[in-house]
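Visitor: All the letters of the sequence shown, read from the start, carry residue numbers 1 to 700 under the working numbering.
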Amino acid sequence: MDKEIFLQFAESLKLVRRARVEDFIKDKNVDDIYTDLLPSNAIINKLNLPRTTLLVGRKGTGKSTIFQKSQKDLIENKKCISLYIDVKSLYDNSTPTISDEIPKFSSDETHKCLLYSHLIKLIVLETKAKLDDFVKQSILQKILGFEYEKIQEIENVLNNIEESIIDVIKKVNISLVTSYKNTQEQKDGEEFSCNVEISKNPSLSVGSKETSNGFLKKEFESKLITYLDIRACLIDNLLRIKEALQIDHLYIFLDDYSEINEEAQRIFMDWFIAPLNNLSADFVKFKIAIYPHRFYYGKLDNSKIDEISLDFFDAYYTFEKKVDISKMELLALDYTDRLITKRFNLFFSFQKWDTFFSISKGELVDLLFSVSFNNPRKIGYILSYCYESCLIHGVKINRDAVENAALRYYNDVVLKYFIANNFVTKPFNDKISNEHQFELLFKIIERQKLNISTAYRTRMKGKPGNHFIINTNLNHLLSNLELNGFLSTYNCTKDKNDELSTIYSLDFGLCKRHNINFNRAYTEKLINYFALPRFNMNILVLDYFNKTQVIKCSQGHEFPYKMHNTLKSYNMKCPTCLENDIITRCEVVISNEEIKDRLKLIENKNIQKTTFDEFILLDYLRTINKSVTISKISNSLDRSELSVKILLSKLQERDLVKEDIEVSRALRKDHYMISNTGGKFVDRINNIIENKIKEQKITI
């Protein structure tokens, strides 16, 4: 029984989206598990302030849990109400109804415009629905004697919001259909070929002229301006609700915001967030969960919003801006200690640590920080892996087990998903292909192996090689690798040339895979060791990108990558074009197609027909190798139940997933499992991934 409870303890650290601790322990809620990243509950106290706030952190840093805690705290505040919107799920299910007047395969811009107009409608209707629920379920319970006339007034206002947005989007869509028909008539029989897929990650390949697409996009924006008066449609109505309820603020929590693409974020920001934030008389305040470098600010005033970072360096650096990182380390270790202690005591009232661990609690805390850099979900995965490798066999968890679990997490989560995912999450301003990022990481690893080899003599025990230094101006070249978990920002320092530089740390599991010793640079001796010139990657990174990437303008003028900073200071204007009184913008493009071609293996053998989300689901079912419920899949994969249902339906039609009829009948709840065909399919994909790594001589 204790072993099974330990598994629940570990799994609770992996809570995703709106998963709740109540699902694990009855009569408990988010207050019982919440552990603030900073002392004195500094994170949650700042988030609860009546200001629009961005909660910034990589996957698994606890953004959704913090949102749950904040919403629960706000319940006690009778002068405000809060709404929660799962942006990713909203976008996943925003596929519009295409008019019969538009062929199934037509202009990409037409379909995207229809999709985004539908998204705007869903955003407003979701806000209306959440307010409606609040009025019906919360206000009537809290305020005795609340006047019926007031309730009716609020309901009328909410109905006005719904009727208004439906009418607006109907006009916009009719106008888009008309514009589409007009552009088709103007083509006079011009051949048109395209391949359009409307989904949460639209895949579009179009043979129409750019001018037609550009016209339709401008037409869409024009019609929104013409028909969508967001003030009259939504803001004025919200202010009427404010007056009726006698409240000060409406908090709107937007979770998983960075999971949608930049173009969708522009629509979301320009037609919903910014107007409500800027024009609602200080009534609406947004709380937005985002990934680093994946947020479109639009017309939000940076000086009037707060940004709270949950990643190790950004969260703690303000407390210690010296080379000595000891204060940051102490704060981080304190958080890890508080996190696992509070959670452990919640599940085990009378058990001690040595029941499950053969190492001291202090050693465990230090090790968990090294392997996770304070990512709660990652800690949950690692402890869950330790349950499988040790506890079920009657063996206590030791240091080797935790380190091997970190290696497994790297192999099964970080590496596999980055390689297999054609739509891997990456920063918006990152023009570097994933293939180049992958190749660059390999070169850094090879350099670190050399740095710790017998070629260099040092008195440093163990010859650690996880840290390296790079000029801060080059950080953007590594932002994709950091966002996807291959490395983490650890500290800032000055290099030997007195240039401000960033100290990175390679992931613990990555180091384990490559036999690179790991040691955090938290002492002056270690900092000086990693400050040696051989750990400086400036030349390696610049040389790599000079050879693999170039800068080009739309007129075809080409410049070496080393001119990037110079051109950036001139807003990327092409100097050659300027000589001819022409203004064009330059951008970074791939110059070496060979690397890209070598990574095409994943797209072969019809794998391109399988979306990344479908692969994740199949891989999950293959790994657990048993039948599970939709709810279990939803919680494990961080996807809404509706999205999982849609994926399962598609996979069942292709005989990749099947329903476990016997179990479903016995337990009176639908259970699904991978089919034999699906199992072979996943194995084939994983083999291709491994072969691709071997072919490139990369074992990242």
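Think of the CB as a built atom: it goes at the ideal place given N, C-alpha and C, for glycine as much as any other residue.
What you are looking at is a predicted structure, and each value in this text was computed from that prediction instead of being measured.
If you follow the beta strand (DSSP E) that A560 is in, where does it begin and where does it stop?
Guide: Going by the sequence as given, residue 560 is Pro instead of Ala. From DSSP, the beta strand (DSSP E) with P560 extends over E558 to P560.
Visitor: Per DSSP, what kind of secondary structure is Q549 in: helix, strand or coil?
Guide: strand
Visitor: Evaluate G362 with the Cβ neighbour count: other Cβ atoms within 10 Å of its Cβ, from every protein chain shown; 16 or more gives buried, anything less gives exposed.
Guide: exposed
Visitor: Tell me, please, which residues DSSP counts as bridged to K487.
Guide: The amino acid occupying residue 487 in the given sequence is Leu; Lys does not appear at that position. Bridge partners of L487: L506.
Visitor: Which term fits V365, buried or exposed, when burial requires 16 or more other beta carbons within 10 angstroms of its beta carbon?
Guide: It counts as buried.
Visitor: In whole angstroms, give me the CA-to-CA distance for L7 and N45.
Guide: 31 Å
Visitor: Tell me the rounded alpha-carbon separation between L478 and Q152.
Guide: 55 Å
Visitor: In three-state terms, what does DSSP make of M673?
Guide: Note: M673 maps to strand in three-state DSSP.
Visitor: Measure from the alpha carbon of G298 to the alpha carbon of each residue in E263, P292 and M328, then state which is nearest.
Guide: E263
Visitor: May I ask you to report which of helix, strand or coil DSSP gives L83?
Guide: strand
Visitor: List, from N- to C-terminal side, the alpha helix (DSSP H) runs of 4 residues or more that fit wholly inside the region 362-427.
Guide: Runs found: 376-389, 399-409 and 416-420.
Visitor: By how many angstroms is the C-alpha of T472 removed from the C-alpha of I419?
Guide: Using only the alpha carbons, I get a separation of about 27 Å.
Visitor: Assuming L642 and L617 form a contact by the criterion Cβ under 8 Å, report the distance between their Cβ atoms to the nearest whole angstrom.
Guide: In fact, because the Cβ distance is near 14 Å, the residues do not count as touching under 8 Å.
Visitor: Count the other CB atoms, across all protein chains shown, that sit within 10 Å of the CB of A10; report buried if there are 16 or more and exposed otherwise.
Guide: buried
Visitor: Cα separation between Y707 and S634?
Guide: Since the first residue shown for the chain is 1 and the last is 700, residue 707 is missing from the structure and cannot be characterised.
Visitor: Grab the span of the alpha helix (DSSP H) containing V30 for me, first residue to last.
Guide: Per DSSP, V30 belongs to the alpha helix (DSSP H) from V30 to I33.
Visitor: Whose CA, out of D412, N93 and E435, lies closest to the CA of Y620?
Guide: D412
Visitor: Which same chain residues, not among the five before or five after F356, have their C-beta less than 7 Å away from its C-beta?
Guide: F6, L391, K396 and I397
Visitor: Taking T65 as the reference, give the member of I43, L276 and L648 with the closest Cα.
Guide: I43
Visitor: Using DSSP's beta-bridge definition, name the partner residues of H436.
Guide: None; H436 has no bridge partner.
Visitor: Which of helix, strand or coil does DSSP assign to Y262?
Guide: In the sequence on display, residue 262 carries Glu and not Tyr. Looking at E262 - three-state DSSP - the assignment turns out to be helix.
Visitor: I believe S675 touches V657 by the beta-carbon criterion, under 8 Å. Please report the beta-carbon distance rounded to the nearest angstrom.
Guide: 6 Å
Visitor: Based on Cα-Cα distance, which residue from Y410, L651 and D236 lies nearest to N160?
Guide: D236
Visitor: Enumerate in chain order the residues of its own chain whose CB-to-CB distance from C233 is below 8 Å, with the five nearest sequence positions on each side excluded.
Guide: V124, I161, S164, I165 and V168
Visitor: Can you tell me whether DSSP reads S208 as helix, strand or coil?
Guide: Note on S208: pLDDT 38, under 50, position unreliable in the model; no value is reported.
Visitor: Can you tell which of R338, Y490 and Y251 has its C-alpha closest to the C-alpha of P39?
Guide: R338
Visitor: Can you tell me whether F272 is helix, strand or coil according to DSSP?
Guide: In the three-state DSSP reduction, F272 falls in the helix class (H, G or I).
Visitor: Expressed to the nearest angstrom, what Euclidean distance is found between the alpha-carbon atoms of E603 and I693?
Guide: Only weak support exists for where E603 lies, its pLDDT of 40 falling under 50; the value from the coordinates is given anyway. Each residue's alpha carbon lies about 15 Å from the other.
Visitor: Bridge partners for Y251 per DSSP, in chain order?
Guide: DSSP lists S82 and K285 as the bridge partner or partners of Y251.
Visitor: With distances taken Cα to Cα, identify the nearest neighbour of P275 among F312, L228 and S70.
Guide: With respect to the C-alpha of P275, the residue from F312, L228 and S70 having the closest C-alpha is L228.
Visitor: By how many angstroms is the C-alpha of P464 removed from the C-alpha of K449?
Guide: 10 Å
Visitor: If you follow the alpha helix (DSSP H) that N45 is part of, which residue opens it and which one closes it?
Guide: A42 to L47
Visitor: Tell me whether the beta-carbon of Q437 lies closer than 8 Å to the beta-carbon of N466.
Guide: no
Visitor: Terminal residues of the continuous alpha helix (DSSP H) containing H564?
Guide: In this chain, the alpha helix (DSSP H) harbouring H564 covers H564 to S569.
Visitor: Mark S208 as exposed unless 16 or more other C-beta atoms lie within 10 angstroms of its C-beta, in which case mark it buried.
Guide: Low per-residue confidence applies at S208: pLDDT is 38, beneath 50, and the placement is therefore not dependable enough to give any value.
Visitor: Give the range of the alpha helix (DSSP H) segment to which L526 is assigned.
Guide: From DSSP, the alpha helix (DSSP H) with L526 extends over E524 to F530.
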